[in-house]
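Below is one structure, written out as structure tokens; comments come after it.
Protein chains: 2
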Amino acid sequence: MADGEAILTAFAKRLERRFPLTVDDFQAIVALPCSRREIEPNQYLMREGDRPKFCSFLISGLLFRHKIVADGGRQIVSVHTPGDLVDLQNILLGEADHNVQALTAAGVAQIPHELVMDLAFSHPNIGKALWRESMIEASVFREWVANVGRRDARARTAHMMCELATRREAAGLGRRETYELPMTQEQIGDALGLTAVHVNRTLKSLQDEGLIVRSKRSVAISDWERLRVVGDFTSNYLHLGRG
Amino acid sequence: MADGEAILTAFAKRLERRFPLTVDDFQAIVALPCSRREIEPNQYLMREGDRPKFCSFLISGLLFRHKIVADGGRQIVSVHTPGDLVDLQNILLGEADHNVQALTAAGVAQIPHELVMDLAFSHPNIGKALWRESMIEASVFREWVANVGRRDARARTAHMMCELATRREAAGLGRRETYELPMTQEQIGDALGLTAVHVNRTLKSLQDEGLIVRSKRSVAISDWERLRVVGDFTSNYLHLGRG
DNA sequence: CGAATCGTTGATTCAACTCAACGCGAGTGG
DNA sequence: CCACTCGCGTTGAGTTGAATCAACGATTCG
Chain G
65 MADGEAILTA FAKRLERRFP LTVDDFQAIV ALPCSRREIE PNQYLMREGD RPKFCSFLIS
125 GLLFRHKIVA DGGRQIVSVH TPGDLVDLQN ILLGEADHNV QALTAAGVAQ IPHELVMDLA
185 FSHPNIGKAL WRESMIEASV FREWVANVGR RDARARTAHM MCELATRREA AGLGRRETYE
245 LPMTQEQIGD ALGLTAVHVN RTLKSLQDEG LIVRSKRSVA ISDWERLRVV GDFTSNYLHL
305 GRG
Chain U
65 MADGEAILTA FAKRLERRFP LTVDDFQAIV ALPCSRREIE PNQYLMREGD RPKFCSFLIS
125 GLLFRHKIVA DGGRQIVSVH TPGDLVDLQN ILLGEADHNV QALTAAGVAQ IPHELVMDLA
185 FSHPNIGKAL WRESMIEASV FREWVANVGR RDARARTAHM MCELATRREA AGLGRRETYE
245 LPMTQEQIGD ALGLTAVHVN RTLKSLQDEG LIVRSKRSVA ISDWERLRVV GDFTSNYLHL
305 GRG
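Keeping their order, the protein sequence lines are chains G and U.
The numbers in the working numbering rise by one with no breaks, and the one at position 8 of the first sequence is 72.
The numbers in the working numbering rise by one with no breaks, and the one at position 239 of the second sequence is 303.
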């Protein structure tokens, strides 16, 4: 575990953004054991019904979480960028209620549930950071309910572009104006409750109006402010500050 | 605070369903100070942008939480029945990202944030129960994303009927087969991402097929199993067991 | 009794879906 | 090296589920 320390330091810094940590808290995190795991594109990290024993911290690549409904339709409920904790909820929930799958090749660090739990209660700042992390995630889900429930295809799509850009930037992964998104149009549709065909048309219309620029499997935001307005996006629900 | 003890006992029992508590945990909860507050129908308990200082435990009546989007549309993101903790997330999030409003006349018990937080870390079982509570809530949000994103009006409506019935029953508020729901069709629409007119037609079609029976402002489930199938409902995401 | 709110129903429109065809680049194997 | 497939993006034509618009009925309440 040569680079384990670097990974755990990144993990500690992420938590530090959620709640102030002491030097002691930092040291306790860096002392955790963790095993690195590489995942291929489309591979499942977790399936509905599983009882995972580890918590996964995303190091590189993108993951997404999704549910399957009766008619075979798929709904993506979140997209994860490096620095995210992917399955914190299973610390306390037991049986997984959805799937986690790789969007691209990805690397995760896995930490045993019981160690994360022990840390949360032996070091309250860490506990608060982790709890806050899961509450922010819940806030994002609420916004997604509103997004698919009450915005049309244009606004919905613009909103997701803004959210992903903002989260990437907040995670220190580059400026929001030029980020790229390696999702297929079908995957974007499954995240937005639209069909791939309609996503294609919607993206085209956003491009024709000069809000975004597309190339292959990526999207770059060319007019942030107008995209933000079209997507009815404000970052308050991401709770990027410390409260 | 004559009946404060009874209320706090109910609160403790609710948490006990989420994670096993000791006698000491119970006593610590019952020793909390709490102030009761009565709310009129449609009154706001919290608004987006507020910084609440209390945690609200719903004693009687129904509350709902919602977001407003750019075009004025409203999306209800959850409906609360007695026994629910309505704004636990603001313990750690600071600024509210949505509104909480009364559906009917309601009574809540309010407990200061800092006392709930202290209890969570001085009594880890209580902390785990509270954390688990917020993770279950997040799971319900995920299911709602899938519901509004990938199910048609019939399934969506049936699903919500099943969920509310199941949660009511799990909270000990009566059998799921005969529960009643005092929401207007407009409110149901705002929870499902539909218009009131279409909710009216959808409910009518569910009734015509013998799945539900409507009277005034309420709905009774007459064929649970078929409604469950139509709504693609399973209770796994409610995590009713202890994990 | 009148006003307000909510539920009901019909007619019409529209946003998004479905179906289908074709383009295009990346592999891949003969 | 080319032909082939495969996955994905693109575009058009036609359909449909849900929205919109509008009117009217039922119930409650001051």
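Glycine included, each C-beta is placed from N, C-alpha and C at the ideal position.
No experiment lies behind these values; they were computed from the predicted model shown.
### Query
Mind checking residue 198 (chain G): buried by the 16 CB within 10 Å criterion, or exposed?
As a first step, residue 198 (chain G) is located in the first sequence; it is residue number 134 there, counting from the start. Result: buried.
### Query
Looking at C-alpha atoms only, which residue of U:208, U:74 and U:271 is the closest neighbour of residue 228 (chain U)?
For this step, residue 228 (chain U) is matched to residue 164 along the second sequence. Of the candidates U:208, U:74 and U:271, the one whose C-alpha sits nearest the C-alpha of residue 228 (chain U) is U:208.
#### Entry: Straight-line gap, residue 76 (chain U) to residue 97 (chain U) (C-alpha atoms, nearest Å)
Counting from 1 along the second sequence, the entry for residue 76 (chain U) is found at position 12. Counting from 1 along the second sequence, the entry for residue 97 (chain U) is found at position 33. The straight-line gap from Cα to Cα measures roughly 13 Å.
### Query
For the segment 191 to 202 of chain G, which residues have a CB atom closer than 8 Å to at least one CB atom of chain U, in sequence order?
191, 192, 195, 196, 198, 199, 200, 201 and 202
### Message
Within the continuous alpha helix (DSSP H) that includes residue 227 (chain G), where are the two ends?
### Response
Locating residue 227 (chain G) in the first sequence gives position 163, counting from the first residue. Its alpha helix (DSSP H) spans residues 217 to 234.
### Message
With a threshold of 8 Å between beta-carbons, can residue 66 (chain U) be considered close to chain G, or not?
### Response
Along the second sequence, one-based indexing puts residue 66 (chain U) at 2. Unreliable positioning characterises residue 66 (chain U) in this predicted model, as indicated by a pLDDT of 49, which lies under 50. A coordinate reading is not provided.
### Message
Using only the alpha-carbon positions, how far apart do residue 122 (chain G) and residue 302 (chain U) sit?
### Response
Taking the first residue of the first sequence as 1, we reach residue 122 (chain G) at position 58. Taking the first residue of the second sequence as 1, we reach residue 302 (chain U) at position 238. Their backbone Cα atoms lie some 26 Å apart in a straight line.
### Message
Going by DSSP in three states, residue 128 (chain G) sits in which element: helix, strand or coil?
### Response
Here residue 128 (chain G) is taken as the residue at index 64 of the first sequence, counted from 1. DSSP places residue 128 (chain G) in strand when its eight states are reduced to three.
### Query
Just to confirm, are residue 233 (chain U) and residue 284 (chain U) a CB contact at a threshold of 8 Å?
As a first step, residue 233 (chain U) is located in the second sequence; it is residue number 169 there, counting from the start. As a first step, residue 284 (chain U) is located in the second sequence; it is residue number 220 there, counting from the start. No, the Cβ-Cβ distance between residue 233 (chain U) and residue 284 (chain U) is not below 8 Å.
### Task
Measure the alpha-carbon distance for residue 316 (chain G) versus residue 271 (chain G) and round it to whole angstroms.
Given a span of 65 to 307 for chain G in the structure shown, any question on residue 316 (chain G) remains unanswerable.
### Task
Could you tell me whether the Cβ of residue 74 (chain G) comes closer than 8 Å to any Cβ of chain U?
Position 10 of the first sequence, counted from the first residue, corresponds to residue 74 (chain G). False, the Cβ-Cβ gap to chain U never drops below 8 Å.
### Cβ-based contacts, 7 Å cut-off: residues of the segment 172 to 186 of chain U near chain G
185
#### Entry: Residue from G:237, G:152, G:305 and G:114 with nearest C-alpha to residue 146 (chain G)
Position 82 of the first sequence, counted from the start, is the residue given in the question as residue 146 (chain G). Of the candidates G:237, G:152, G:305 and G:114, the one whose C-alpha sits nearest the C-alpha of residue 146 (chain G) is G:237.
### Message
Let me confirm a value: residue 241 (chain U) is counted as buried when at least 16 other C-beta atoms fall within 10 Å, else exposed. Which label applies?
### Response
To locate residue 241 (chain U), count along the second sequence from 1; it is residue 177. With fewer than 16 other Cβ atoms within 10 Å, it is exposed.
### Query
Taking 7 Å as the line, does the beta carbon of residue 83 (chain U) fall inside it for any heavy atom of the ligand HEM?
This structure lacks the ligand HEM, and indeed carries no ligand of any kind.
### Query
At which residues does the beta strand (DSSP E) containing residue 109 (chain G) begin and terminate?
Within the first sequence, numbered from 1, the residue matching residue 109 (chain G) stands at position 45. Residue 109 (chain G) -> beta strand (DSSP E) spans 108 to 110.
### Message
Please state the DSSP three-state secondary structure of residue 287 (chain U).
### Response
Translated into the one-based positions of the second sequence, residue 287 (chain U) becomes position 223. The answer is coil: DSSP assigns residue 287 (chain U) none of H, G, I, E or B.
### Message
Closest to residue 220 (chain G) by C-alpha separation, out of G:78, G:138, G:170 and G:252, would be which residue?
### Response
The residue you call residue 220 (chain G) lines up with position 156 of the first sequence. Considering only alpha carbons, the answer is G:252.
### Query
What is the DSSP secondary structure of residue 277 (chain U), counted as helix, strand or coil?
Counting from 1 along the second sequence, the entry for residue 277 (chain U) is found at position 213. If DSSP states are grouped into helix, strand and coil, residue 277 (chain U) belongs with the strands.
### Message
residue 110 (chain G) and residue 70 (chain G) - do their beta-carbons sit closer together than 8 Å?
### Response
Indexing the first sequence from 1 puts residue 70 (chain G) at position 6. Indexing the first sequence from 1 puts residue 110 (chain G) at position 46. Cβ distance not < 8 Å, so residue 70 (chain G) and residue 110 (chain G) don't count as in contact.
#### Entry: Proximity winner among G:154, G:139, G:264 and G:249, relative to residue 205 (chain G) (alpha-carbon distances)
Counted from its first residue, the first sequence places residue 205 (chain G) at position 141. Of the listed residues, the one whose Cα sits closest to residue 205 (chain G) is G:139.
### Query
Cβ atoms of residue 85 (chain U) and residue 79 (chain U): under 8 Å apart, would you say?
The sequence position of residue 79 (chain U) within the second sequence is 15, counting from 1. The sequence position of residue 85 (chain U) within the second sequence is 21, counting from 1. Contact: yes.
### Task
Could you list which residues in chain G have their beta carbon closer than 7 Å to that of residue 289 (chain U), in chain order?
Along the second sequence, read from residue 1 onward, the residue named residue 289 (chain U) stands at position 225. Ordered by position in chain G, no residue passes the 7 Å Cβ test against residue 289 (chain U), which lies about 14 Å from the chain.
#### Entry: For residue 265 (chain U) and residue 218 (chain U), the rounded distance between their alpha carbons
Taking the first residue of the second sequence as position 1, residue 218 (chain U) is located at position 154. Taking the first residue of the second sequence as position 1, residue 265 (chain U) is located at position 201. Distance between the alpha carbons of residue 218 (chain U) and residue 265 (chain U) is about 10 Å.
### Message
Please list, in chain order, the chain G residues whose beta carbon lies closer than 8 Å to that of residue 188 (chain U).
### Response
Along the second sequence, one-based indexing puts residue 188 (chain U) at 124. Simply 185.
### Task
Could you spell out where the alpha helix (DSSP H) holding residue 144 (chain U) opens and where it closes?
Within the second sequence, numbered from 1, the residue matching residue 144 (chain U) stands at position 80. Segment 138 to 144 is the beta strand (DSSP E) holding residue 144 (chain U); no alpha helix (DSSP H) there.
### Task
Could you tell me whether the segment 113 to 132 of chain G touches the segment 150 to 169 of chain G, using the rule of 3 or more Cβ pairs below 8 Å?
yes
### Query
Along chain G, which residues have their Cβ under 8 Å away from the Cβ of residue 261 (chain U)?
Here residue 261 (chain U) corresponds to residue number 197 of the second sequence, with the count starting at 1. Under the 8 Å cutoff, chain G gives no residues; its nearest Cβ is about 16 Å from residue 261 (chain U).
### Query
Going by alpha carbons, who is nearest to residue 149 (chain U) out of U:305, U:181 and U:174?
Numbered from its first residue, the second sequence carries residue 149 (chain U) at position 85. Residue 149 (chain U) has its Cα closest to that of U:174, out of U:305, U:181 and U:174.
### chain U contact for residue 157 (chain G) (CB, 8 Å cutoff)
Along the first sequence, one-based indexing puts residue 157 (chain G) at 93. True, the Cβ-Cβ gap to chain U drops below 8 Å.
#### Entry: Under 9 Å from the C-beta of residue 125 (chain U): neighbouring residues of chain G
The sequence position of residue 125 (chain U) within the second sequence is 61, counting from 1. Chain G residues near residue 125 (chain U): none, gap ~22 Å exceeds 9 Å.
### Task
Would you kindly check if the distance between the Cβ of residue 131 (chain U) and the Cβ of residue 141 (chain U) is under 8 Å?
In the second sequence, the residue the question calls residue 141 (chain U) occupies position 77. In the second sequence, the residue the question calls residue 131 (chain U) occupies position 67. Taking 8 Å as the Cβ cut-off, residue 141 (chain U) and residue 131 (chain U) qualify as a contacting pair.
### Helix, strand or coil at residue 214 (chain G) according to DSSP, with G and I counted as helix
Stepping through the first sequence from its first residue, residue 214 (chain G) is reached at position 150. Looking at residue 214 (chain G) - three-state DSSP - the assignment turns out to be helix.
### Query
At a CB-CB cut-off below 8 Å, which residues of chain U make contact with residue 161 (chain G)?
By one-based count along the first sequence, residue 161 (chain G) stands at place 97. Under the 8 Å cutoff, chain U gives 203, 206, 207, 300, 301 and 303.
### Query
For a contact meaning CB atoms closer than 7 Å, what does residue 215 (chain G) contact in chain U?
Counted from its first residue, the first sequence places residue 215 (chain G) at position 151. Going along chain U in sequence order, the residues near residue 215 (chain G) (Cβ under 7 Å) are 133.
### Reduced DSSP category for residue 306 (chain G) - H, G, I as helix; E, B as strand; rest coil
Taking the first residue of the first sequence as position 1, residue 306 (chain G) is located at position 242. DSSP places residue 306 (chain G) in coil when its eight states are reduced to three.
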